[in-house]
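Visitor: Anchor point for the sequence shown: position 15 equals 19 in the numbering used here, and the numbering is continuous, going up by one each time.
Where a beta carbon is used, it is the ideal one built from N, C-alpha and C, also for glycine.
Fair warning: this is a prediction, and the values are worked out from it, not measured in the lab.
Okay, here's the structure, questions in a sec.
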Amino acid sequence: MTRVQAKGMGILLEWKTVTEGQLYEALVEVINNCSYRQRALKLSEIHRDQPGHPVQRAVYWIEYVLRHGGAPHLRAAVHQLSFCQYFLLDVAAALLLGAAALRLLLRRGASLLSRTLGRCWPGRRHSALNGHCQNGVVNGKCDRNGHVTQEKKVK
C-alpha cells in the first residue's frame with residue numbers, strides 16, 4: 005500500500021488505528037481530487053504500452069521455440085548442472101569438515117588446558133575423593149582412576 009501512496013494514486017491509512025472520520029476524509033479526498041485518477045490512468049497507460057498484443061507475442065515465442073528445436077540456448081543454466089553442483093554437496097562437505105575440525109580442535113584444546121591447569125594447581129584432596137569417608141568406610145573410588153581397587157572392595 006505504501007507504493008500506491010508513493011506513486012500518488014492513494015492515501016495510506018493504518019489499519020489498526022484508522023477511525024471512521026479518517027476513512028471518510030480519505031475517501032472524499034481520493035474521490036474529489038482528480039490528481040489521484042490522473043496518476044492512476046498515467047501508470048495504467050505506461051503498463052499497457054507494449055509492442056503487439058499479448059496473444060501475438062505468445063504465438064511468436066511458441067513458433068520461435070518450434071523453429072529452433074526447443075531453443076536449448078534459451079534454457080536456464082540450472083538445467084546443465086550436475087547433481088553435486090545442484091545440491092551444493094561440495095559446500096556441504098566443506099562445512100561439515102570445518103565443523104568437525106573445529107570440534108576436534110576445541111576438544112583437544114580443552115583437554116590440554118585441563119591437564120595444564122591440573123599440573124599448576126593440583127587442588128586439595130578431600131578424604132571423600134581418595135577412597136575413604138570420614139568414618140573410614142570405603143566410598144568406592146580409587147585415587148588414580150576412579151575405580152575401586154581389589155583391596156578396598158566391600159562384599
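How about Gly-12 and Ser-39: are their beta carbons less than 8 angstroms apart?
Guide: Yes, the Cβ-Cβ distance between Gly-12 and Ser-39 is below 8 angstroms.
Visitor: Which class does Thr-6 belong to by DSSP, given the choice of helix, strand or coil?
Guide: Correct three-state label for Thr-6: helix.
Visitor: Using CA coordinates, which residue listed in Ala-104, Thr-23 and Arg-43 is at the minimum distance from Ala-10?
Guide: Nearest C-alpha to Ala-10: Arg-43.
Visitor: Do Leu-16 and Thr-6 have their CB atoms nearer than 8 angstroms?
Guide: Against a cut-off of 8 angstroms, the Cβ pair of Thr-6 and Leu-16 comes out as a contact.
Visitor: Please classify Ser-48: does DSSP put it in a helix, a strand, or coil?
Guide: Looking at Ser-48 - three-state DSSP - the assignment turns out to be helix.
Visitor: Taking 8 angstroms as the cut-off, decide whether the C-beta atoms of Ala-62 and Tyr-68 are in contact.
Guide: Against a cut-off of 8 angstroms, the Cβ pair of Tyr-68 and Ala-62 comes out as no contact.
Visitor: CA-CA distance, Leu-70 and Val-8?
Guide: When rounded, the distance between both Cα atoms is 41 angstroms.
Visitor: Just verifying my parser: in three-state terms, what is the DSSP assignment at His-57?
Guide: Of the three classes helix, strand and coil, the one that applies to His-57 here is coil, per DSSP.
Visitor: CA-CA distance, Ile-35 and Gly-14?
Guide: When rounded, the distance between both Cα atoms is 10 angstroms.
Visitor: Helix, strand or coil for Val-22? Go by DSSP, reduced to three states.
Guide: The answer is coil: DSSP assigns Val-22 none of H, G, I, E or B.
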